[in-house]
Amino acid sequence: MAISRKRREEIEAFIDEDISDIPEMTDEQLAQLHPSHLLNRENYRPVKKKICMYVDADVLEHYKSKGKGYQTNINRVLRQGMLREISPTYGRVHNEEDEHNA
179 MAISRKRREE
189 IEAFIDEDIS
199 DIPEMTDEQL
209 AQLHPSHLLN
219 RENYRPVKKK
229 ICMYVDADVL
239 EHYKSKGKGY
249 QTNINRVLRQ
259 GMLREISPTY
269 GRVHNEEDEH
279 NA
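Take 179 as the starting number for the sequence shown in my numbering and just add one per residue.
Set out below in structure tokens:
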């Protein structure tokens with residue numbers, strides 16, 4: 179994806195900003211950082227990609243039996259698994275919330 183001239187100018191202007199008065203973050207502050215989509219989940223809308231994949235017939239039937247939106251439910255389960263895998267604290271922090279949103 180090409181960057182527009184206006185966006186390139188904004189980036190170049192930012193690069194020229196004097197940030198020498200901003201202190202570096204401490205290890206404690208860095209440890210508290212989380213991806214914004216985990217903190218502000220109601221406003222996060224990931225880009226969707228269409229794929230073709232094989233799943234076990236019983237898995238597909240299980241989700242289809244729940245009715246309309248089975249593809250969204252499969253995506254939700256995949257996302258929860260991904261987040262648990264990439265974020266060690268995700269399971270402890272979000273299990274209860276995920277149960278309420280299921």
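Ideal Cβ placement from N, Cα and C applies to all residues, glycine included.
Item                                                                      : Value
Proximity below 7 Å, CB of Y241 to CB of I229                             : no
Per-residue DSSP class, three states only, for K187                       : Here residue 187 turns out to be Glu, not Lys, going by the sequence shown. Three-state DSSP puts E187 in a helix.
Segment limits, alpha helix (DSSP H) that includes L208                   : 205-209
Nearest to L261 (by Cα), restricted to the options D234, H212, R183, K244 : H212
Span separating the alpha-carbon of K184 from that of M231                : 40 Å
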